[in-house]
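Residue numbers (this note's numbering), protein chains in the order written: chain P, 1 to 663; chain S, 664 to 1326. By construction, the Cβ of each residue, glycine as well, lies at the ideal position given by its N, Cα and C atoms. All values derive from a computational prediction rather than experimental measurement.
Number of protein chains: 2
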Amino acid sequence: MNIDDGRSRVIIEGVTPEIDGGRFPIKRTVGEKVVVEADIFADGHDTLSCVLLYRKDDESQWKEHPMDFLVNDRWRGEFTVTEMGQYRYTVQAWVDDFKSWRQALVKKFDAGQDVSIDLLTGAELVDEAGKRATGSDGKKLKTVALALRSDRETSNRIRIALGDELAELMARCPDKGLAAIYDRELVTVVDRPKARFSAWYEMFPRSCASVPGQHGTFKDCEGRLPYIAGMGFDVLYFPPIHPIGRTHRKGKNNNPAPGPDDPGSPWAIGSKEGGHKDVHPQLGTLEDFRQLVAKTGEHGMEIAIDLAFQCTPDHPYVNEHPEWFRWRPDRTVQYAENPPKKYEDIYPLNFESEKWQELWAELKEVVLFWIDRGVRVFRVDNPHTKPFHCWEWLIGEVKRDYPDVIFLAEAFTRPKVMYQLAKLGFTQSYTYFAWRNTKWELTQYFTELTQTEVREYFRPNLWPNTPDILTEYLQMGGRPAFMARLVLAATLGANYGIYGPAFELCESQAKELGSEEYLDSEKYEIKKWDITKPDSLRDFIARVNRIRRENPALQEDWTLRFHPIDNDQLICYSKQTEDLSNIIVIVVNLDPHHRHSGWVEFPLQTLGIDHGQAFQVHDLLSDARHLWHGNRNYVELDPQVVPAHIFRLRRRVRTERDFDYFM
Amino acid sequence: MNIDDGRSRVIIEGVTPEIDGGRFPIKRTVGEKVVVEADIFADGHDTLSCVLLYRKDDESQWKEHPMDFLVNDRWRGEFTVTEMGQYRYTVQAWVDDFKSWRQALVKKFDAGQDVSIDLLTGAELVDEAGKRATGSDGKKLKTVALALRSDRETSNRIRIALGDELAELMARCPDKGLAAIYDRELVTVVDRPKARFSAWYEMFPRSCASVPGQHGTFKDCEGRLPYIAGMGFDVLYFPPIHPIGRTHRKGKNNNPAPGPDDPGSPWAIGSKEGGHKDVHPQLGTLEDFRQLVAKTGEHGMEIAIDLAFQCTPDHPYVNEHPEWFRWRPDRTVQYAENPPKKYEDIYPLNFESEKWQELWAELKEVVLFWIDRGVRVFRVDNPHTKPFHCWEWLIGEVKRDYPDVIFLAEAFTRPKVMYQLAKLGFTQSYTYFAWRNTKWELTQYFTELTQTEVREYFRPNLWPNTPDILTEYLQMGGRPAFMARLVLAATLGANYGIYGPAFELCESQAKELGSEEYLDSEKYEIKKWDITKPDSLRDFIARVNRIRRENPALQEDWTLRFHPIDNDQLICYSKQTEDLSNIIVIVVNLDPHHRHSGWVEFPLQTLGIDHGQAFQVHDLLSDARHLWHGNRNYVELDPQVVPAHIFRLRRRVRTERDFDYFM
């Protein structure tokens, strides 16, 4: 037990949000609230006062916000974060003798008891407060104390005792001498809004050449920007842009015997042209990249690059820092392997090296190098194969100086490992979304991500496809499957992304049955995509992204709720703003092959709609409007048309043509 | 982040049991197990080794027990506590290069790959282990390393590499250089078995006079011991035995105007005859008390006394330590009040006194005084009206030197306050049992107490009545209600107690309708109980307590499970020993007025009984035996006979008369 003063009587515990006993911070974006609750109580029946203390990390003084009593000794307070960086918060509480005294006074007076001594007790409390007061309050309190002790009529003195003026005076100089303070300072990391709401487009720049057959360049990418921005994305993510190794280079379809013109995988980083701080010469120069970053910004987007901390045998590190690699007894470097599989084109960095500190420092230098070139968003390749402590240090170091930097963790691995990476600092995280296809799976998983403690630190970023993942659902389901998965990703997740143009062109050919690898994967060759194809989903995607931008309900994840619908192929869920001014209801037909219908049950009461009242649902995808009545309403979705509704709910009043936006 | 070495790659988190981030200890009794689980993982795919570390608080060296992998990165280990006091435990884990190497070797060899370099790598690992080895292991490891490097046939060297001998050698000198250790040391308080399993009998010694009308004495109590021990109780608890105050003494039925012979409430402690370290003269002397303690022990019971830290105006403390009380402006001491109610016979101690340290020290002296007189069990009156920190300190101080002391918290207050008192050290706690009467209430409450984290620190002690609590259920239900509540208390709780002889004599007269106060409460007068009444429940209670003693399943709470039964007036639950050698199934008719029947559903599979197999249930109350078949079986209970079954399950084999005890 660690108490300075045994007279301190208040217990503060069960503080939320708090991750692992305060070991890890929670996450917020600028403008969001932190709602803090705690169990607070003392012995006996005295009245408590409780305040939430918070401050920006670089401020020395706590700000204070009163907490309100809820029920069952639970108290709640909140504060809003207004700047990027870190905030600290904790809870303070004390036995409030003045409030206790007032309550007792009322009860005794109402029971007709003599309160003359109680009034004197109150005068003593007021005197004590006077000693703590600043400014003119001291004098005012002295006057009150005199009045309480005076021979005025009791009812008169009671009025003073219970008056608002005294309450306010006393509240300004509370007796915190024996106040308890929660024994942990909790932290929230505050990111910019894009950490919470973003639409990513992954693209291989080398496939962007305007002249067929050529190696695309950063310059070529500039020409592609209007197309991508036109679809409504705001992050343009490139696989690694660094020199690609030659030794053990993989050919088309991961062929260990490449042809002479095979460009290799961008994730095989390092050649005689350089390493992680260099640009693959065929893409252009660092200056070209800097210009592309600027142009991308002009289109309302920003570039994300890939942090893939691994090397080919040709990487300069291998010669310059042999101590960063694991050496085998035969004096060769240990290549990556997952026995019996061998990845001889990849040398993993050895984080158990004696020189780990230099290695960490260099990785930080890599990040800072690209920050210097205007990059603020990093997609991190396989973070789960590098030590957790390294990430915590690296992200902490970078964000201390650049709190606007976003790190997306590409860890397709076990759940606790994914959550750990999020806890220790990753801004966003890839999820299992790609493999959650049924209503049950989607409901379970997204309830876990948005309604449990996980949401405090793990920000999902939903990808229906990636260059590594062409799911069986997409392989089998055709265009309706792509549309359904797009709507799910874009509305279940405020953060989502697609790998294009494969996605909008509904590329669905797998390398072989049972594989999730693309046939003729872009990872190993330059692709020529016909982005002008008439059946491209680009317009559909543009519409979905516009709906996301226009409807704040879709810009956060925590209000997600699933609603019953009596057909397992149909899923229904909603999101809404806190003030109910924007309510979006999504219905998706999960079966890409058949038309399905069902009855949606929707909890109107919680939205302030009377059971008997009709209301309008406006399908923002088709622009159709329907009148709905009561809790159960009919929906029908034909995947050959559009496999989803994105309804905006509007409360109907008076006549059919006379609508009032909620609230 | 606090890491000594950035190369440490293992994360340990989610350790259970752990209360409030390790702020509070868990509780066990001698002979019980502590099953520890943790989430443990590292980056990448290497194999881990994990151990549970534990030690008695006064030992400097950790003992070590291997943890087993469960699923989803969860590991489990356990240790048994064998002595009273405190144990510490934590978790250690490391990347096990040798195990990883062996796994890879097997896979490569099975895939027909060349493993010659791998064997050399293994030899290096063995060499390193040799440097850490003690005794003859070093030499043995050197021999193995030589063999692995030799030109013997590969299959031969593989056999050595994968052999048990090498595995055992390596396990004895693991490379813990980069091991992670969980950053908290967790504590378990270990009590004697009575903390877990006890039957309490509360009795006013002053009502035990053998001569009617006289004030009972400790000597008289000696004569009552065979009666109480005969019912099978093992704790005999006395309300305060100290001198009773005169000022504002309460008369019969709490009358503020007492008669001259009214004895007053034992909880009004302190008179000119003394205070908390004195004995009420009419009960006898300290020497009489010491003798009673000894005699009680001879009957297999022990005395519990009441710690009621409050004073009458006549208590010696008031003059000797005026600074321990709160003084009002009129220079009178503040009496207890809960406005508008006044308790002028009670002066609460002021724990906000400047002299709080002396006050705490004196309270500790009081406890030690009675410990010196042979008392090891204390029932603490209203602990929730004294500061939490004081209890934590006091209990910690006492149990450091006397780990066998049991403190029972009588806190009938809000749930979080009750749980807090348990967390900070109370051995057992009163519960809401008295007011949980319906199947739903009992199921909810006892599931919370026995199947959630609460069970780690809160040990329920179930009382169907107390001198303050004559529930409406008992008032209305007559003898069947007393029988039902006794069976519920004695089987839902391994710890339970009754206030007698009021209980066994089915005393059910309340002071008035809507009150839970006894009419002519023993708190304010000496009662003459006719314990020989033929309809006394003494034999029934004796039988229930014997069943408890003979069936270890009833001596702990954690295995409690409720089972469906298709009648809301019938409740069914079971307890069992870990090895299934003792399985007890209880059915209680909660309606004291009507016969009820229903079909019990019992999960036979989990008890190793085939669905088609008949089995015997032996009612230990009535001694009747029934053959049951399958999951659903019929029960019928007439409250006018016995409102409960306490079945022991026995697996039936071969013939009806040929039974085999489980396992």
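Residue i at chain P interface by Cβ criterion, 9 Å
{"i": "GLY677 (chain S)", "result": "yes"}
{"i": "SER671 (chain S)", "result": "yes"}
{"i": "ARG1050 (chain S)", "result": "It is Pro, not Arg, that sits at residue 1050 (chain S) in the sequence shown. Closer than 9 Å: yes."}
{"i": "ALA705 (chain S)", "result": "yes"}
{"i": "TRP738 (chain S)", "result": "no"}
{"i": "CYS713 (chain S)", "result": "no"}
{"i": "ARG795 (chain S)", "result": "no"}
{"i": "GLU1119 (chain S)", "result": "no"}
{"i": "GLU1015 (chain S)", "result": "yes"}
{"i": "GLY748 (chain S)", "result": "no"}
{"i": "ARG1077 (chain S)", "result": "yes"}
{"i": "ARG686 (chain S)", "result": "yes"}
{"i": "TRP1023 (chain S)", "result": "yes"}
Sequence-distant residues of the same chain with beta carbon closer than 7 Å to residue i, five excluded per side
{"i": "GLU222 (chain P)", "result": "LEU292 and LYS295"}
{"i": "SER622 (chain P)", "result": "VAL642"}
{"i": "VAL417 (chain P)", "result": "HIS384 and ALA411"}
{"i": "LYS277 (chain P)", "result": "VAL366 and PHE369"}
Proximity winner among the options, relative to residue i (alpha-carbon distances)
{"i": "SER1244 (chain S)", "options": "S:ASN1252, S:TYR1236 and S:GLU1213", "result": "S:GLU1213"}
{"i": "LEU470 (chain P)", "options": "P:VAL71, P:THR431 and P:LEU519", "result": "P:LEU519"}
{"i": "GLU302 (chain P)", "options": "P:ARG331, P:GLN357, P:LYS194 and P:HIS276", "result": "P:LYS194"}
{"i": "LYS605 (chain S)", "options": "S:ARG670, S:GLU676, S:ARG686 and S:VAL678", "result": "Here chain S comprises residues numbered 664 to 1326, so residue 605 (chain S) is not present and cannot be evaluated."}
{"i": "TRP75 (chain P)", "options": "P:VAL51, P:SER271, P:GLU64 and P:LYS439", "result": "P:VAL51"}
{"i": "PHE1203 (chain S)", "options": "S:TYR1082, S:GLY1271, S:LEU1283 and S:ASP1242", "result": "S:LEU1283"}
{"i": "ALA834 (chain S)", "options": "S:HIS708, S:THR948, S:THR797 and S:PRO868", "result": "S:THR797"}
{"i": "ILE244 (chain P)", "options": "P:GLN214, P:ILE19, P:ASN253 and P:THR312", "result": "P:THR312"}
{"i": "TYR1082 (chain S)", "options": "S:ALA1277, S:LEU716, S:PHE988 and S:TYR1120", "result": "S:TYR1120"}
Chain-order list of residues whose beta-carbon lies under 6 Å from that of residue i (same chain, five-residue window excluded)
{"i": "GLY793 (chain S)", "result": "GLY801, LEU804 and LYS805"}
{"i": "GLY626 (chain P)", "result": "The sequence given here has His at residue 626 (chain P), not Gly. Closer than 6 Å at Cβ, skipping near neighbours: VAL617."}
{"i": "GLU1319 (chain S)", "result": "The predicted model places GLU1319 (chain S) with a pLDDT of 46, which falls under 50 and marks its position as unreliable; any figure quoted below should be read in that light. Answer for GLU1319 (chain S): no residue qualifies."}
{"i": "CYS506 (chain P)", "result": "ARG479 and PHE482"}
Neighbour list for residue i in chain S, Cβ cutoff strictly below 9 Å
{"i": "TRP356 (chain P)", "result": "ASP668, GLY669 and ARG670"}
{"i": "PRO256 (chain P)", "result": "In chain order: nothing, as chain S lies at least about 15 Å away."}
{"i": "GLN113 (chain P)", "result": "PRO1002, PRO1003 and LYS1005"}
Residue-chain proximity (residue i, chain S), Cβ-Cβ < 9 Å
{"i": "MET1 (chain P)", "result": "Because the pLDDT at MET1 (chain P) is just 42, under 50, the model does not fix this residue reliably, and the point stays unresolved."}
{"i": "CYS572 (chain P)", "result": "no"}
{"i": "LEU178 (chain P)", "result": "yes"}
{"i": "SER155 (chain P)", "result": "no"}
{"i": "PHE659 (chain P)", "result": "Confidence is the limiting factor: at PHE659 (chain P) the pLDDT is only 49, short of 50, which leaves the residue's position unreliable, though a coordinate-based value still follows. No - not a single Cβ of chain S is within 9 Å of the one on PHE659 (chain P)."}
{"i": "ALA104 (chain P)", "result": "yes"}
Within chain P, partners of residue i - CB distance below 8 Å
{"i": "VAL734 (chain S)", "result": "In chain order: nothing, as chain P lies at least about 10 Å away."}
{"i": "ARG991 (chain S)", "result": "ILE117, LEU120 and THR121"}
{"i": "CYS1053 (chain S)", "result": "GLY6"}
Per-residue contacts from residue i into chain P (C-beta, under 7 Å)
{"i": "ASP1131 (chain S)", "result": "Under the 7 Å cutoff, chain P gives no residues; its nearest Cβ is about 17 Å from ASP1131 (chain S)."}
Nonlocal neighbours in the same chain, by C-beta distance under 8 Å from residue i, ignoring five residues either side
{"i": "ASP720 (chain S)", "result": "GLY748, GLN749, TYR750, ARG751 and VAL850"}
{"i": "ALA179 (chain P)", "result": "SER8, VAL10, GLN92, ALA93 and TRP94"}
Residue i: contacting residues in chain S (beta-carbon distance under 8 Å)
{"i": "ASN253 (chain P)", "result": "Simply none; closest approach about 22 Å."}
>> Extract the residue ranges of the alpha helix (DSSP H) inside the region 874-907 of chain S, only unbroken runs of 4 or more that lie entirely within it.
In response: 881-893
> Which full runs of the alpha helix (DSSP H) of 4+ residues lie inside the region 1018-1078 of chain S, going along the chain?
Replying inline: 1019-1035 and 1051-1064
> Unbroken beta strand (DSSP E) runs of length 3 or more, entirely within the region 1072-1118 of chain S: which are they?
Replying inline: 1091-1093
> Which runs of the beta strand (DSSP E) fall wholly inside the region 1243-1273 of chain S and span at least 3 residues, in chain order?
Replying inline: 1246-1252 and 1259-1264
>> As an exercise, report each continuous beta strand (DSSP E) stretch of at least 3 residues that is fully enclosed by the region 281-352 of chain P, in chain order.
In response: 302-307, 336-338 and 341-343
> Could you give the uninterrupted runs of the beta strand (DSSP E) lying entirely in the region 30-70 of chain P, keeping only those of 3 residues or more?
Replying inline: 33-42, 48-56 and 63-66
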